[in-house]
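Below is one structure, written out as structure tokens, with a few remarks after it.
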Amino acid sequence: MQKNVNKTRVITAKNAGFCFGVRRAVDTVNELRSKTDKKIYTIGELIHNSVFVRRLEEQNIFVIEEENLPSLEKEKDKIVLVVRAHGIKKEIIDYLDEKGFTYVNATCPYVERIHDIVDKNTHDASLCVVMGDKKHPEAVGTISYAHCDAVVCSNEDELLQNLNDKLTSFEECFVLTSQTTYNNEKYVNCQKVAKKLYTNAKIFDTICSVTEKRQNEVVQLSKECDIMLVVGGKNSSNTKKLFEISSEHCKETFLVETADEMDMQKISLLCKQKLLKPNTVFTVGITAGASTPDDILEEVKAGVSETIITASGETTT
Numbered sequence: 672m673q674k675n676v677n678k679t680r681v682i683t684a685k686n687a688g689f690c691f692g693v694r695r696a697v698d699t700v701n702e703l704r705s706k707t708d709k710k711i712y713t714i715g716e717l718i719h720n721s722v723f724v725r726r727l728e729e730q731n732i733f734v735i736e737e738e739n740l741p742s743l744e745k746e747k748d749k750i751v752l753v754v755r756a757h758g759i760k761k762e763i764i765d766y767l768d769e770k771g772f773t774y775v776n777a778t779c780p781y782v783e784r785i786h787d788i789v790d791k792n793t794h795d796a797s798l799c800v801v802m803g804d805k806k807h808p809e810a811v812g813t814i815s816y817a818h819c820d821a822v823v824c825s826n827e828d829e830l831l832q833n834l835n836d837k838l839t840s841f842e843e844c845f846v847l848t849s850q851t852t853y854n855n856e857k858y859v860n861c862q863k864v865a866k867k868l869y870t871n872a873k874i875f876d877t878i879c880s881v882t883e884k885r886q887n888e889v890v891q892l893s894k895e896c897d898i899m900l901v902v903g904g905k906n907s908s909n910t911k912k913l914f915e916i917s918s919e920h921c922k923e924t925f926l927v928e929t930a931d932e933m934d935m936q937k938i939s940l941l942c943k944q945k946l947l948k949p950n951t952v953f954t955v956g957i958t959a960g961a962s963t964p965d966d967i968l969e970e971v972k973a974g975v976s977e978t979i980i981t982a983s984g985e986t987t988t
């Protein structure tokens, strides 16, 4: 009778890989490619994953940065533009309409919701604050919809500093939102600060529900794993947040964009060291950012599974 001797296990997070907004953007550009022979440009990277961007280039779909759009004016009848999942600044949308460009808007609906919130709630405000990454296109695009002074703050200290510098009293009105992929725990703390100090703060919960689920899940998963692999683009905001959260609970947390970037030698060594102790199981957890294609996630899972099974000498008797 055969008995499986399981010394290793790999756990993949349930909420890993493409989110709704990313999958919608990818489906949009794929459908567009099937309907037109025109050259397609995405305004900025459609999603933050360099492997996927290279795959688009193979389909004659290229990235054009916002500042370079004027170079396309002479050939605008021969091209189609796609607004990336992270959205773009309001003035760029206005520019596209004014110049008569043909474009498809693939902005994530959750991002569009924040644009709408900022647009409608900042007319009587003195300040609009977006918690997020100052250089991230979503945050930059969001503040462009404000009808008052607007800033992006990366943490609680920056929030307090800007409130102290830009508001003259605790009764003054300001709007507080966040990037959809901002750290949920940090944003909750920022909200508490705003509510405690300012009586007329308009505070909105704008972190994507999927992002919140991913972050909560990685907290629990990283606590029970010997190694955590976070798969995603190095310039992906939500991927970096997952890496930061995981690193707080699992010191052996690695950020990789593809299976080729995994340090198989180190993973193998850590596995062997753990299994020197009797009756132990070596556990690897895997999660992935919202812009990580399914096939890359599967390659990472297969690669690490093979590595730790080999290292453990796992057998069937």
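Residue numbers (the numbering used here): 672 to 988.
C-beta: ideal position from N, C-alpha, C; glycine also.
Nothing here was measured: the structure is a model prediction, and the numbers come from that model.
{"Asked": "Stretch pair the stretch 855-871 + the stretch 891-901: three plus CB contacts closer than 8 Å", "Found": "no"}
{"Asked": "Alpha helix (DSSP H) segment containing residue 781, residue limits", "Found": "780-792"}
{"Asked": "Straight-line gap, residue 913 to residue 960 (C-alpha atoms, nearest Å)", "Found": "7 Å"}
{"Asked": "Own chain, CB closer than 8 Å to residue 664, minus 5 neighbours either side, in chain order", "Found": "Beyond the ends of the chain as shown, which are 672 and 988, falls residue 664; an answer cannot be given."}
{"Asked": "As assigned by DSSP and simplified to three states, the class of residue 902", "Found": "strand"}
{"Asked": "Straight-line gap, residue 856 to residue 890 (C-alpha atoms, nearest Å)", "Found": "11 Å"}
{"Asked": "Residue 985 CB to nearest heavy atom of the ligand SAH below 8 Å", "Found": "With respect to small molecules bound, the structure shown includes none, and the ligand SAH cannot be examined in it."}
{"Asked": "CA nearest to the CA of residue 939, picked from 985, 909, 732 and 949", "Found": "985"}
{"Asked": "Residue 769 versus residue 709: straight-line alpha-carbon distance, rounded", "Found": "21 Å"}
{"Asked": "Anticipated Cβ contact below 8 Å, residue 743 with residue 735, distance rounded", "Found": "7 Å"}
{"Asked": "CB of residue 687 within 9 Å of CB of residue 957, strictly", "Found": "yes"}
{"Asked": "From 706, 724 and 704, residue whose alpha carbon lies closest to that of residue 962", "Found": "724"}
{"Asked": "Best match in 922, 720 and 747 for proximity to residue 757 [C-alpha to C-alpha]", "Found": "720"}
{"Asked": "Cross-strand partners of residue 686 (DSSP beta bridge)", "Found": "Paired residue(s): none; residue 686 is not in a bridge."}
{"Asked": "Status (buried if at least 16 other CB within 10 Å, exposed otherwise) for residue 705", "Found": "exposed"}
{"Asked": "Proximity below 9 Å, CB of residue 838 to CB of residue 822", "Found": "no"}
{"Asked": "Rounded straight-line distance, which links the Cα of residue 759 to that of residue 738", "Found": "12 Å"}
{"Asked": "Validate contact between the stretch 765-779 and the stretch 800-807 using beta carbons, cut 8 Å, 3 pairs", "Found": "no"}
{"Asked": "Buried/exposed call for residue 771, threshold 16 Cβ in 10 Å", "Found": "exposed"}
{"Asked": "Extent of the continuous alpha helix (DSSP H) to which residue 858 belongs", "Found": "855-868"}
{"Asked": "Proximity to residue 707 [Cα-Cα], best of 691, 749 and 878", "Found": "749"}
{"Asked": "3 or more residues per run - each beta strand (DSSP E) lying fully within the stretch 920-962", "Found": "924-927 and 953-959"}
{"Asked": "C-alpha distance - residue 819 paired with residue 886, whole-angstrom precision", "Found": "32 Å"}
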